[in-house]
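In the numbering used here, the protein residues as written are 247 to 707. Every residue gets a Cβ at the ideal spot worked out from N, C-alpha and C, and that includes glycine. Worksheet for the structure shown next.
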């Protein structure tokens with residue numbers, strides 16, 4: 247594509263191209279997306295009425311932004327989508343160390359080349375993906391990493407120490423005409439945060455005692471966790487003052503949004519019905535409300551994703567043990583979630599030894615809530631009576647869907663349950679068994695059936 251675009255500064259000027267700042271570029275492309283009805287934030291779930299309007303206002307105002315929220319709220323994912331608001335292709339000076347505009351060079355070397363070559367200054371085109379830089383703030387990050395330092399090799403080649411061309415540029419100058427994201431900003435040592443002050447306000451850089459006037463054109467976005475202000479570090483006050491917008495993020499506010507997020511992000515190795523994903527979503531929401539969980543560290547959306555992937559893996563393992571295909575998750579596969587993912591949670595100090603009990607209770611509560619919402623209006627007495635009158639039903643990791651369904655007589659209520667949960671009564675047995683097992687578990691949790699469990703199977707009776 248770029249072979250048809252201008253290849254010299256003269257051709258670029260003749261095409262009518264005008265230099266434009268990165269914030270103006272983002273503003274124009276965001277306005278165009280909003281006017282056309284195109285979603286400028288693909289893949290972002292649950293922020294439509296809260297975070298996204300605030301972020302859009304900040305970008306339209308040309309503000310640098312810090313996103314403040316607990317872990318796993320999609321802050322980094324949101325920042326990465328800003329790349330989609332840049333022009334797909336942007337002209338830069340070929341061979342320049344920074345991505346400088348051919349009609350507006352900023353470094354001494356590029357200005358000298360532009361003066362010498364004039365309209366013959368070579369131009370290449372950079373894709374927008376190459377105009378986004380991301381830095382995880384760590385305590386060992388140096389000023390040289392972010393801003394730059396004197397390059398001893400260039401000094402050894404005969405240049406004087408005060409020559410601007412002896413500088414090895416850091417990540418910020420190399421993000422000229424682009425977006426740079428700093429994750430976990432409070433983890434930067436305070437003396438390193440000071441080095442960002444001039445970049446954000448005066449848009450120049452200071453290295454080793456002298457100032458190099460570079461009119462940098464960058465959009466700086468950052469993330470931070472609220473507890474970082476007191477536990478691990480803080481954003482220094484002058485730096486906070488230079489961010490135009492501080493936007494609070496949050497976990498999904500609705501169960502449906504949590505389900506959509508899990509469905510979008512999880513890599514499922516087996517079929518997992520929406521009713522089981524809803525159980526996972528409700529489980530995560532109960533964890534976020536539980537007094538037994540340390541809410542200062544939060545319950546990440548990555549926990550929900552990992553839980554769904556664990557359920558799918560349990561179903562795949564069960565299918566391998568039984569020879570059943572395709573692998574379809576059933577409520578019995580949910581039992582693996584507390585044991586596998588307990589280490590991803592931070593419990594309050596007084597809960598030592600009760601972790602498994604707390605997780606099992608909240609998972610059962612989530613199953614009951616999901617069944618109550620999904621099966622509302624369906625009379626399950628026919629199913630409960632059939633099980634009580636001599637048709638006990640077994641489930642477990644070595645029980646196939648056909649065996650589970652074969653233990654029950656033909657009941658109209660089973661078709662009603664399957665239809666309500668999106669399973670075709672005449673489709674694969676795994677889908678119907680998953681729906682029926684949820685109904686059986688609901689009857690057990692409401693104390694209308696008994697459930698006898700041993701090592702690898704449970705019997706409803």
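Under 9 Å between the Cβ atoms of residue i and residue j?
i, j, result
"residue 537", "residue 614", "no"
"residue 288", "residue 275", "no"
"residue 392", "residue 325", "no"
"residue 369", "residue 253", "yes"
"residue 525", "residue 650", "no"
"residue 425", "residue 539", "no"
"residue 491", "residue 428", "no"
"residue 313", "residue 255", "no"
"residue 677", "residue 685", "no"
"residue 587", "residue 552", "yes"
"residue 321", "residue 330", "no"
"residue 706", "residue 633", "yes"
"residue 773", "residue 547", "Residue 773 lies beyond the residue range present for the chain, which begins at 247 and ends at 707; the question has no answer from this structure."
"residue 523", "residue 542", "no"
"residue 671", "residue 647", "no"
"residue 335", "residue 258", "no"
Would you list the residues sitting across from residue i in a DSSP beta bridge?
i, result
"residue 558", "In DSSP, residue 558 forms no bridge with anything."
"residue 429", "382"
"residue 394", "415"
"residue 298", "Paired residues: none, contrary to the question."
"residue 335", "373"
"residue 697", "706"
"residue 625", "According to DSSP, which records beta bridges pairwise, residue 625 is partnered with nothing at all."
"residue 493", "313"
"residue 464", "424"
"residue 517", "574"
"residue 539", "593"
"residue 483", "For residue 483, which the question treats as bridged, DSSP gives no partner whatsoever."
"residue 445", "Residue 445 pairs with nothing; no bridge assigned."
"residue 642", "703"
"residue 470", "314"
Between residue i and chain D, is there a C-beta pair that is closer than 9 Å?
i, result
"residue 612", "Judged by its chain identifiers, the structure shown contains no chain D, having just a single protein chain."
Compute the Euclidean distance between the alpha carbons of residue i and residue j, then round it to the nearest angstrom.
i, j, result
"residue 529", "residue 612", "5 Å"
"residue 482", "residue 385", "15 Å"
"residue 308", "residue 269", "5 Å"
"residue 323", "residue 394", "27 Å"
"residue 655", "residue 666", "20 Å"
"residue 362", "residue 341", "15 Å"
"residue 504", "residue 364", "56 Å"
"residue 470", "residue 636", "59 Å"
"residue 378", "residue 421", "7 Å"
"residue 346", "residue 352", "7 Å"
"residue 638", "residue 280", "58 Å"
"residue 282", "residue 617", "41 Å"
"residue 691", "residue 624", "16 Å"
"residue 292", "residue 298", "9 Å"
"residue 533", "residue 545", "7 Å"
"residue 511", "residue 415", "36 Å"
"residue 580", "residue 557", "6 Å"
"residue 527", "residue 591", "16 Å"
"residue 300", "residue 284", "18 Å"
"residue 464", "residue 493", "19 Å"
"residue 475", "residue 589", "A caution first: residue 475 carries a pLDDT of 49, below 50, which makes its placement in the model unreliable, though a value can still be read off. The straight-line gap from Cα to Cα measures roughly 25 Å."
"residue 374", "residue 333", "6 Å"
"residue 631", "residue 594", "43 Å"
"residue 477", "residue 571", "Reliability fails at residue 477, whose pLDDT of 48 lies under 50, so the model's placement of it is uncertain and no value is given."
"residue 449", "residue 499", "39 Å"
"residue 697", "residue 597", "28 Å"
"residue 418", "residue 263", "26 Å"
"residue 413", "residue 397", "5 Å"
"residue 302", "residue 272", "10 Å"
According to the neighbour-count rule (16 or more other Cβ atoms, all chains shown, within 10 Å of its Cβ), is residue i buried or exposed?
i, result
"residue 189", "Any question about residue 189 goes unanswered here, given that the chain covers just 247 to 707."
"residue 620", "buried"
"residue 423", "buried"
"residue 521", "buried"
"residue 642", "buried"
"residue 310", "buried"
"residue 702", "exposed"
"residue 295", "exposed"
"residue 683", "buried"
"residue 319", "buried"
"residue 565", "buried"
"residue 356", "buried"
"residue 662", "buried"
"residue 462", "buried"
"residue 366", "exposed"
"residue 304", "buried"
Under the criterion of a Cβ to heavy atom distance below 8 Å, does residue i qualify as lining the ligand SAM?
i, result
"residue 298", "Absence of the ligand SAM from the depicted structure is noted, as is the absence of any ligand whatsoever, leaving it without description."
Could you tell me whether the segment 573-581 touches the segment 502-519, using the rule of 3 or more Cβ pairs below 8 Å?
yes
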